[in-house]
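**Student:** Pasting in a structure now, in C-alpha cells, and then I'll have a few things to ask.
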Amino acid sequence: MNNLDKIEDLLAFDKKRVYESITLFGEQIEQAYNEVGKLDIPKEYYQASNIVVAGMGGSALGGRVVDSLIPQRVRVPIEVFTEFYIPNYVNQNSLVILSSYSGTTQETLRDAYEALKKGARIFVITTGGKLEEFAHKEGVPAYIFNPENNPSSQPRLALGYSVTAILTLLGKCEYINLTNSEIKEVVSFIESLISDYKRENPEASNLAKKIAKDLRGYLPVIVTSEHLIGSCHAFKNQLNETAKTFSVLFDIPELNHHLLEGLKNPMRLRELVKFLIVESKLFTPEVSKRYPVTKEVIIKNGYPVITYEALGKNRLLQVFELIILSYFVAYYLAFLYQEDPASIPWVDYFKSRLQD
Numbered sequence: 122m123n124n125l126d127k128i129e130d131l132l133a134f135d136k137k138r139v140y141e142s143i144t145l146f147g148e149q150i151e152q153a154y155n156e157v158g159k160l161d162i163p164k165e166y167y168q169a170s171n172i173v174v175a176g177m178g179g180s181a182l183g184g185r186v187v188d189s190l191i192p193q194r195v196r197v198p199i200e201v202f203t204e205f206y207i208p209n210y211v212n213q214n215s216l217v218i219l220s221s222y223s224g225t226t227q228e229t230l231r232d233a234y235e236a237l238k239k240g241a242r243i244f245v246i247t248t249g250g251k252l253e254e255f256a257h258k259e260g261v262p263a264y265i266f267n268p269e270n271n272p273s274s275q276p277r278l279a280l281g282y283s284v285t286a287i288l289t290l291l292g293k294c295e296y297i298n299l300t301n302s303e304i305k306e307v308v309s310f311i312e313s314l315i316s317d318y319k320r321e322n323p324e325a326s327n328l329a330k331k332i333a334k335d336l337r338g339y340l341p342v343i344v345t346s347e348h349l350i351g352s353c354h355a356f357k358n359q360l361n362e363t364a365k366t367f368s369v370l371f372d373i374p375e376l377n378h379h380l381l382e383g384l385k386n387p388m389r390l391r392e393l394v395k396f397l398i399v400e401s402k403l404f405t406p407e408v409s410k411r412y413p414v415t416k417e418v419i420i421k422n423g424y425p426v427i428t429y430e431a432l433g434k435n436r437l438l439q440v441f442e443l444i445i446l447s448y449f450v451a452y453y454l455a456f457l458y459q460e461d462p463a464s465i466p467w468v469d470y471f472k473s474r475l476q477d
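Be aware that the sequence shown starts at 122, since it is given in my numbering, and climbs by one per residue.
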C-alpha cells in the first residue's frame with residue numbers, strides 16, 4: 122500500500138479507532154485541564170522538596186514530556202522513574218505522581234506501596250484498576266478519568282490526558298505557572314495542526330504523510346535537544362508501537378561526544394538508517410550552533426537526513442506540536458507497512474509469558 126490519499130483504504134485499515142483518538146488530542150487536553158483543576162489538593166502537596174513521576178511505557182511518556190519542558194519553569198527538582206523501585210531519596214517531603222492508564226501496571230503498583238511506606242505525598246493518575254483501589258483505600262488525591270476522548274483505549278494515544286494532568290497539578294500546587302490562556306492557545310494550535318495532517322489532506326500538502334513516506338524502509342534515528350527530548354521520546358514510542366518500527370533517540374549536545382565516531386561501521390547501516398533531526402529556534406544558542414555541524418558530519422558519513430523545525434512560538438506549543446506530529450506520522454507509516462496501528466502483539470505476548 123503506497124497511496125496515503127485513498128481515504129477508503131485508510132478507513133478500512135483502522136478498525137480500532139486509532140485515528141479518532143489522534144484527532145481528539147485537543148479534547149483530551151481540555152478535559153484533563155478542566156477536571157484536574159477542580160480537584161481538592163491538600164496544602165502540604167504545595168510544599169514538596171522534590172517531585173517523582175512513576176510510570177511505565179505509554180503511561181510514563183507524560184512525565185518524560187513534562188520533565189523536558191519545565192526545568193526553567195519549575196521551582197523544585199523533578200525526575201521520571203520507570204523502575205520496580207522509587208529513588209532512595211523519596212521521603213515525607215516528596216511528591217510522587219503515580220501514572221498508569223489501566224491502573225494495573227505491576228511496576229507502578231509496587232512503586233505506590235513503596236511511596237506510601239516512605240510517607241511521600243502521593244497523587245494518582247489512572248482510569249481505574251488496582252491503582253484506583255489503592256487511591257481510595259489510602260485516601261490519596263487522584264485523577265480518575267473517563268477516557269471518553271481516547272476511543273482506541275491505547276495509553277500511548279492518551280498523552281493529552283497524562284501530560285496535561287501533570288502540568289495542571291504542578292500549576293495548581295504552584296510549582297509552575299500555567300494559565301488558562303496558555304491551554305486555550307495549545308488546543309487552538311493543535312486543532313490547526315490536525316487540520317494540516319488529517320487523512321483528507323493530500324500528501325502534496327500534508328507534512329505528516331510526507332515524513333511517513335520518507336521514513337518507510339528505514340530505521341529512524343531521532344535527534345533533538347532540551348524541551349523537545351520528552352516529546353521526541355514519545356515520537357520514538359509511537360513509531361515502535363503504532364508503526365512496528367525500530368527507532369532510537371539521541372540528544373544534542375550529548376551525542377556530539379560519542380555517536381559521531383559510531384557512524385562508521387557497519388557500512389550497511391547507510392542503507393537502513395535515516396536521521397530525523399528535530400530543531401527549534403528556542404534552543405539555547407550554544408545548542409543551536411551544534412546542529413549544522415552535526416548534520417554535516419552525518420551527511421559526510423553517507424546517511425540520509427530529514428530536518429524538521431518546530432513551528433510553535435513557545436516551548437509549551439512546540440512540545441504538544443511534536444506529539445501530534447508523531448501520532449500522525451506513526452499512523453501513516455503503519456498504513457504503509459500494513460500494520461495494525463492499535464495492536465501490540467509482542468508486548469501482550471511478553472506480559473502473558475510473565476504470568477506463566
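Where is the CB? At the ideal position from N, CA and C, for every residue including glycine.
Label R196 either buried or exposed according to how many other C-beta atoms from any shown protein chain fall within 10 Å of its C-beta, with 16 as the threshold for buried.
**Tutor:** Under this definition R196 is an exposed residue.
**Student:** Tell me the residue span of the alpha helix (DSSP H) that contains I332.
**Tutor:** It spans 328-336 - the alpha helix (DSSP H) in which I332 sits, taken as one unbroken run.
**Student:** Kindly indicate the opening and closing residues of the alpha helix (DSSP H) around S409.
**Tutor:** Taken as a continuous stretch (DSSP letters only), the alpha helix (DSSP H) holding S409 covers 406-409.
**Student:** Taking the straight line between their C-alpha atoms, what separation do you get for G178 and T363?
**Tutor:** Using only the alpha carbons, I get a separation of about 13 Å.
**Student:** Would you say T225 touches the ligand MG, meaning its beta carbon is less than 6 Å from a heavy atom?
**Tutor:** For the structure depicted, the ligand MG is absent and the ligand set is empty, with no information on it obtainable.
**Student:** What is the DSSP secondary structure of Y206, counted as helix, strand or coil?
**Tutor:** Coil at Y206, not helix or strand.
**Student:** Among all the DSSP beta bridges, which residues are the ones paired with R194?
**Tutor:** Answer is none; R194 lacks a bridge partner.
**Student:** Write down every uninterrupted run of the alpha helix (DSSP H) in the segment 302-378 whose length is 4 residues or greater and which is fully enclosed by it, in chain order.
**Tutor:** Within the segment 302-378, the complete alpha helix (DSSP H) runs of at least 4 residues are 328-336, 350-362.
**Student:** Exposed or buried, what is D232 when buried is set at 16 or more other beta-carbons lying within 10 Å of its beta-carbon?
**Tutor:** Classification for D232: buried.
**Student:** Which residues bound the beta strand (DSSP E) around S223?
**Tutor:** Per DSSP, S223 belongs to no beta strand (DSSP E) and is neither H nor E.
**Student:** By the DSSP assignment, the beta strand (DSSP E) with R493 in it spans what residues?
**Tutor:** Outside the displayed span of the chain (122 to 477) sits residue 493, for which this structure offers no information.
**Student:** Take the Cβ of P462 as the centre, count every other Cβ of all protein chains shown within 10 Å, and call the residue buried at 16 or more, exposed below.
**Tutor:** Buried: at least 16 other Cβ atoms inside 10 Å.
**Student:** Let me check understanding here. Comparing Cα to Cα, which of S346, F310, N361 lies closest to K434?
**Tutor:** It is F310 whose Cα lies nearest to the Cα of K434.
**Student:** Decide if E228 is buried, meaning its Cβ has at least 16 other Cβ atoms within 10 Å, or exposed.
**Tutor:** So E228 counts as buried.
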